[in-house]
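Undergrad: First the structure, which I've put down as structure tokens, then a few questions once you've had a look.
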Amino acid sequence: MNESQKTRLYAENDDVQVLTLPYKDTTYALSILLPKKRFALDAIRNKTSGPALRKLLSQVKMELTTISIPKMKIETKFELKKALISIGITEMFSNNANLTGITKEPPLKVSDAAHRALIEVCEYYIEDNYNVSDYKWEWD
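Per full-length UniProt numbering, the sequence shown runs over residues 1 to 140.
Written out as structure tokens, the structure reads:
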């Protein structure tokens with residue numbers, strides 16, 4: 001965990017402080033809400049509506065802040081094949097798959113599909129790494 005003093009996007013109201021940290025791709029950002037009262041997270045979650053959250057996030061401005069955030073890495077993986085089949089997307093997994101838009105060498109089908117996401121937080125930026133097209137191809 002590193003303590004860092006820097007100008008960052010920050011806002012607060014009577015209940016929470018909000019800090020917005022940019023991703024490495026600055027098109028996106030992660031906003032962290034910190035309750036001002038200890039153990040008040042559930043109360044704040046219950047009383048904060050979408051419009052109230054949007055209002056708070058619209059008030060962030062550059063301020064000199066000192067923060068201490070632990071480095072962390074969150075990684076998830078979701079197997080998609082079962083979920084896709086359950087909503088009727090089945091042909092690409094079958095021997096009847098028509099994937100000629102990908103290759104002219106039939107027969108080609110998808111044997112498995114997965115989604116992986118990784119978010120890594122450091123003291124300077126948030127790095128995201130996701131791969132929504134993690135497919136295993138199978139030629140028969």
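For every residue, glycine included, the Cβ atom is placed at its ideal position computed from N, Cα and C. For clarity, every value in this text was computed on a predicted model and none was experimentally measured.
Between Lys81, Thr20, Ala117 and Leu21, which lies nearest to lysine 73 when the distance is taken from Cα to Cα?
TA: Closest by alpha carbon: Ala117.
Undergrad: Kindly identify the DSSP beta-bridge partner or partners of leucine 30.
TA: According to DSSP, leucine 30 bridges with Leu21.
Undergrad: Check whether the region 45 to 55 and the region 73 to 84 touch, using three or more Cβ-Cβ pairs below 8 Å as the test.
TA: Cβ pair count under 8 Å is below three, so no.
Undergrad: What alpha helix (DSSP H) runs, 4 residues minimum, are completely inside the region 51 to 96?
TA: You should have 81 to 86.
Undergrad: Tell me whether the region 83 to 103 and the region 8 to 27 touch, counting them as touching only if at least three CB pairs, one residue from each stretch, are closer than 8 Å.
TA: Result no; under three Cβ-Cβ pairs closer than 8 Å.
Undergrad: Do the CB positions of threonine 65 and tyrosine 10 come within less than 8 Å of each other?
TA: Yes, Cβ-Cβ distance for threonine 65 and tyrosine 10 is below 8 Å.
Undergrad: Find the nearest neighbour of serine 94 within the set Thr100, Lys109, Gly101 and Thr103, judged by alpha-carbon distance.
TA: The shortest C-alpha separation from serine 94 is found at Lys109.
Undergrad: For leucine 19, is the classification buried or exposed, using 16 other Cβ atoms within 10 angstroms of its Cβ as the cut-off for buried?
TA: Burial call: buried.
Undergrad: Work out the CA separation of phenylalanine 78 and lysine 103 for me, nearest whole Å.
TA: It is worth fixing the name first, because residue 103 is threonine in this sequence and not lysine. Cα to Cα, threonine 103 sits roughly 26 Å from phenylalanine 78.
Undergrad: By a C-beta neighbour count over all protein chains shown, 10 Å radius and 16 as the cutoff for buried, is alanine 113 buried or exposed?
TA: Counting Cβ neighbours within 10 Å, alanine 113 comes out buried, since at least 16 surround it.
Undergrad: Give every residue of the same chain whose Cβ lies closer than 8 Å to the Cβ of glutamate 12, excluding the five residues on either side of it in the sequence, and list them in chain order.
TA: Closer than 8 Å at the Cβ level, and outside the excluded window around glutamate 12, lie Val18 and Lys36.
Undergrad: In terms of alpha-carbon separation, which member of Leu80, Ala40, Met62 and Pro107 lies closest to valine 16?
TA: Comparing Cα-Cα distances from valine 16 to each of Leu80, Ala40, Met62 and Pro107, the minimum goes to Ala40.
Undergrad: Rounded to whole angstroms, what is the Cα-Cα separation between asparagine 98 and glutamate 91?
TA: Approximately 8 Å between the Cα atoms of the pair.
Undergrad: Are the beta-carbon atoms of glutamate 63 and threonine 100 separated by less than 8 Å?
TA: For glutamate 63 and threonine 100, no; Cβs fall outside 8 Å.
Undergrad: Which of the three DSSP states, helix, strand or coil, is assigned to arginine 45?
TA: It is helical.
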